[in-house]
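Number 38 in UniProt numbering belongs to position 38 of the sequence shown; there are no gaps in the numbering.
The beta carbon of each residue, even a glycine, is placed where N, CA and C say it ideally should be.
Keep in mind it's a predicted model, so treat the numbers as computed, not measured.
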Amino acid sequence: MRIHVNDPLDKSAMERLKNSGYNVTSEHLEKEELIKEIPNIDVLVVRSATKVTADIIEAGKNLKIIARAGTGLDNVDVEKAKEKGIKVINTPGANGISVAELAIGLMISCARHIAKGTIDLKNGEWTKKQLKGHELYKRTVGIIGFGNIGREVAKRLLAFDMRVLAYDPFVKETDMNVEIVDLDTIFKESDFITIHVPLTNETKHLVSKDAFEKMKDGVILINAARGGVVDEEALYNALISGKVYAAGLDVFEVEPPTDELRKKLLELPNVVATPHIGASTVEAQLRVGQIIVDKILEEVKKL
Ligand SMILES: O=C(O)[C@H](O)COP(=O)(O)O
């Protein structure tokens, strides 16, 4: 039984795996190398950096389990895995608090120009007069996606005395002080919009040119979910026109965001961006690592 860890896992989780008695290897293999190696792998462990595509799964003659140490499964061809009888496991919720905290950090950074102020000061510029921002207090935030992460975001923003709206096709009511509304209401009434849905066929470019047209002038948009949920060309135009005051982005449709569209997006002074670090905290990785190892060992026992 060989367990191959293709993306970095928490150290203590790695140690537990290595002490489990199975043959555990860990090294990041790029697609071509992984396709060559996959016939010798029974359990493949990944984060979001490895795209477990249909051809990799097809080549995995001995592959029995794909373990995603994290929440999003958009980098795994789950349909193909199902067709091949390969079990896909992940750790939903284990990194939710970290993602929620980062989303709020991006929100405040956008509203108060923290990133621009830092860059200006480091460049020797005292731009105090240009950096008047906005409070969150008493303003309306629209949360798209009211699952684990969306609820953690709501809980914290209620403490800022915000009016909190949430849209989720699977949620009709809540016992929190949150108004469950339709998507149009989120677009029309929010001063801040924050996205917490997975990337699926239904959510791809959910925040489109049409959506931006419905939004209030000066809205702040936060995306710490998946780049593909926002049409980034439309976002670029909305930032240029002033429709969107600022955007806080932890994720991009292309990662790393090195293509022309992403490069010009990142050049805008009103874009605050981080390199998909929502789940990258010591605490979240510890939880994710322990849970994924528990699940792997449990599944492997059943084989
Ligand atoms: O889906 C997730 O769990 C987050 O986006 C984190 O992804 P990562 O494990 O690749 O950091």
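Euclidean distance between Cα positions of residue i and residue j
i    : j    : result
K61  : G150 : 38 Å
D38  : W126 : Per the sequence presented here, residue 38 reads as Ile, with Asp not at that position. Each residue's alpha carbon lies about 55 Å from the other.
T258 : I97  : 28 Å
L136 : F212 : 21 Å
A159 : T53  : 42 Å
E58  : I186 : 41 Å
G218 : S241 : 10 Å
E255 : V153 : 24 Å
S280 : K216 : 32 Å
R2   : V300 : 10 Å
V178 : I108 : 20 Å
K263 : V251 : 13 Å
K138 : F192 : 12 Å
G142 : S20  : 45 Å
K209 : E202 : 16 Å
K18  : A100 : 32 Å
N40  : V5   : 13 Å
K204 : L297 : 34 Å
K155 : N148 : 11 Å
L199 : N237 : 22 Å
I220 : V24  : 45 Å
L183 : V197 : 13 Å
Per DSSP, cross-strand counterpart(s) of residue i
i    : result
H4   : T25, L44
A166 : I143, I180
N223 : I195, L249
K87  : I65
V272 : G248
V52  : V76
V230 : V207
Residues of its chain near residue i, where Cβ-Cβ distance is below 6 Å and the 5 sequence neighbours each way are ignored
i    : result
G133 : A111, R112, H113
I89  : A67, K295
Q285 : D10
F146 : A166, D168, V171
Min CB distance residue i to chain D below 8 Å
i   : result
M14 : Reference to chain D is not applicable here, since this structure consists of a single protein chain.
Cβ shell of residue i (< 7 Å), same chain only, five flanking positions each side left out
i           : result
residue 330 : A query on residue 330 cannot be resolved here, the shown segment of the chain reaching from 1 to 303 and no further.
L303        : K64
D55         : I35
8 Å CB neighbourhood of residue i in its chain, flanking five on each side removed
i    : result
L239 : A246, A247, L265, L268, N270, V271
V78  : V88
E7   : For the sequence presented, residue 7 should be read as Asp rather than Glu. Answer for D7: H28, V45, V46, R47, S48, A49, T50, A69, listed in chain order.
I104 : V153, R156, L157
Count Cβ pairs between the segment 110–126 and the segment 161–173 that sit closer than 8 Å; are there 3 or more? Because the criterion of three Cβ pairs below 8 Å is not met, the segment 110–126 and the segment 161–173 do not touch.
Pairs of beta-carbons, one from the segment 224–233 and one from the segment 155–166, closer than 8 Å: are there three or more? Put simply, the segment 224–233 does not touch the segment 155–166. Fewer than three CB pairs are less than 8 Å apart.
Three Cβ pairs or more, each shorter than 8 Å: is that satisfied between the segment 31–49 and the segment 173–183? Touching, no.
So, do the segment 29–37 and the segment 259–279 have three or more beta carbon pairs nearer to each other than 8 Å? Two segments are said to touch when three or more pairs of C-beta atoms, one from each, lie closer than 8 Å; by this definition the segment 29–37 does not touch the segment 259–279.
Taking three-plus beta-carbon pairs below 8 Å as touching, is the segment 59–79 in contact with the segment 87–94? Note that the segment 59–79 touches the segment 87–94; at least 3 beta-carbon pairs, one per stretch, sit closer than 8 Å.
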